[in-house]
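Notes follow the structure.
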Amino acid sequence: GEIGSITIATNMAGRGTDIILGGKFNIKNNILNNQENRKLWKKKHDIISNIGGLHIIGSERHESRRIDNQLIGRSGRQGDPGSTRFYLSLEDTIIQMFTLYNISKIIYKFGFKSNEVIENNFITKL
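Numbered as in UniProt numbering, the sequence shown ends at 126 without a single skipped number.
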């Protein structure tokens, strides 16, 4: 939850994890300078909130939408802003499982290159 920080986690590590914008404010460790530290934490929290909050990047979709929703739910906790984006390949197992035909062959027939970004609601909803 700190500016510039990156956390890499599996779907198991992400369960039950709350990433707090501005970092975790620990009252026990801040007894002497509680007010100053709270102000500093609030300032960091507000800066991160103003630039969009926590952004989650998913590298694959799960067969179970519930698992995807848990990942999506890591951002935008407790009223804070956040966003999620998944990056997939048409060759991913999940895409192959839920399409009736080889969608990659059709996409390539339209002239798309293998490393070209494709954004489309049809593909997004798969």
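All C-beta atoms in this analysis are idealised placements derived from N, C-alpha and C, irrespective of residue type, glycine included.
Beta-carbon separation of residue i and residue j under 8 Å?
i	j	result
serine 49	leucine 88	no
serine 83	histidine 45	no
proline 81	glycine 53	yes
isoleucine 47	isoleucine 3	yes
isoleucine 95	glutamate 63	no
Can you find the residues in the same chain that come closer than 8 Å, C-beta to C-beta, to residue i, ignoring five residues on each side of it along the sequence?
i	result
residue 129	This structure cannot speak to residue 129, because the chain is shown only from 1 to 126.
aspartate 92	Glu60 and Arg61
lysine 24	Gly1
Please report the distance separating the alpha-carbon of residue i from that of residue j.
i	j	result
arginine 85	arginine 66	16 Å
asparagine 115	serine 104	12 Å
arginine 74	lysine 113	33 Å
glutamine 70	asparagine 34	33 Å
glutamate 36	serine 5	23 Å
leucine 79	alanine 9	Reading the sequence as shown, one finds glycine at residue 79 and not leucine. Those two C-alpha atoms are separated by around 23 Å.
asparagine 102	aspartate 68	23 Å
isoleucine 51	asparagine 121	26 Å
State yes or no: is the beta carbon of residue i nearer than 8 Å to at least one beta carbon in chain C?
i	result
isoleucine 72	In the displayed structure, chain C is absent; only one protein chain is listed.
Once you ignore the five residues that flank residue i on each side, which residues in its own chain have a CB closer than 6 Å to its CB?
i	result
aspartate 18	Arg77
threonine 7	none
Between the stretch 32 to 41 and the stretch 50 to 66, can you find at least three pairs of beta-carbon atoms closer than 8 Å? No: the two stretches stay apart, fewer than three of their Cβ pairs being nearer than 8 Å.
Every unbroken beta strand (DSSP E) inside the stretch 19 to 64 [3 residues or more]: 54 to 58
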